[in-house]
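One structure is given below, encoded as structure tokens.
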Amino acid sequence: MYKSILSVLFLSSLLVFSVEAAPKVTDVAAKQENSQTRLVKINSATVTELAALDGVGEVKAQAIVEYRKANGNFKSIEQLNEVKGIGDKLIEKNRANLSL
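The numbers in the sequence shown follow this note's numbering, run straight up by one, and end at 1486.
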């Protein structure tokens, strides 16, 4: 009797700890959303929004905003090449997250 009670307690404790150790679905979804950059509209994005792109820091983001102010809105994503410090590799790395 004593042995069966201990067995039940042991098995129930395993069940409790396994439920606690399993990641919650909402936690996993939140991490996936944070790892994916949202769509950035280069003609209206702020320095902070642009800096969130992969490989674009505040300096490059500021250069994009200054170029946009001086030359008007971008006509294409490829026009980002005209901004100092922005090249084809950086554009391709972020293409899925860029829009006009």
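Ideal Cβ positions, reconstructed from N, Cα and C, are used throughout, including at glycine.
With contacts defined as CB atoms closer than 9 Å, Arg1454 and Asn1429 qualify as a contacting pair. Following the DSSP letters along the chain, one finds Leu1436 inside the alpha helix (DSSP H) bounded by residues 1433–1437. Per the coordinates, the alpha-carbon of Ser1399 lies some 47 Å from the alpha-carbon of Ala1437.
Gly1471 places its beta carbon 9 Å or farther from that of Val1433.
Excluding sequence positions up to five before and after Gly1443, its CB lies within less than 7 Å of the CB of Ala1437, all in the same chain and listed in chain order. Listed as beta-bridge partners of Ser1390 by DSSP are no residues whatsoever. Taken through DSSP and simplified to helix, strand or coil, Ser1399 comes out as helix.
Distance from the CA atom of Gly1441 to the CA atom of Leu1397, rounded to whole angstroms, is 50 Å.
In the DSSP assignment, Val1442 falls outside any alpha helix (DSSP H) and carries neither an H nor an E.
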